[in-house]
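This note's numbering applies: residue 366 is where the sequence shown begins, and numbers increase by one.
Contents: one structure, followed by commentary.
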Amino acid sequence: MKISKNTILITGGATGIGLALAKQFIAQNNTVIVCSRRQEKLNEAKAVLPSLVIIQCDISSVEQRRELFKTCVEKYPTVNILINNAGIQREIDFRKGEIEYLNGESETETNWKLLSINCIVYATLMKQKKVQL
């Protein structure tokens with residue numbers, strides 16, 4: 366895998382593992398785009414990494430996923446690496462009854478939706494000569 370001069374989209378990239386990856390990729394001369402649902406966390410990430418491209422997007426929202434795709438196609442058509450890092454994980458005690466079950470169901474549903482990012486950006490990625498998912 367070529368590790369420089371790529372255009373990389375990292376979902377959930379404003380904090381944690383996503384931000385650590387962004388730092389490493391920027392250090393290797395890549396254009397890095399991160400999305401997150403929390404604008405304040407995006408702003409903090411941008412303050413640390415001024416070259417970072419930030420996009421506010423709640424991946425669990427169909428409309429916001431579509432808007433993310435539109436933005437990438439229009440402004441960053443050379444995206445050739447997708448790191449699908451966003452997701453949620455809660456501690457759920459199923460012994461507590463139905464409400465805990467529903468929380469678990471919500472978590473699973475949200476994480477499943479994240480896979481749709483692959484489908485949304487697939488057409489754009491396939492136009493590139495070298496692609497990493």
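We treat Cβ as the ideally placed atom computed from N, Cα and C, and that holds for glycine.
Check	Outcome
As a quick exercise: from R430, T372, T443 and S416, pick the residue whose alpha carbon is nearest that of A451.	R430
Count the other CB atoms within 10 Å of the CB of A392; is the residue buried (16 or more) or exposed (fewer)?	exposed
If we require 3 or more residues per run, which beta strand (DSSP E) segments fall completely within the region 379-414?	396-401
Reducing DSSP to helix, strand and coil, say where L433 ends up.	helix
For N445, does the count of other Cβ atoms within 10 angstroms reach 16, so buried, or fall short, so exposed?	buried
With a CB to CB cut of under 7 Å and the five nearest residues on each side skipped, what residues in its chain are close to V397?	I373, I375, A387, F390, I391, L417 and V418
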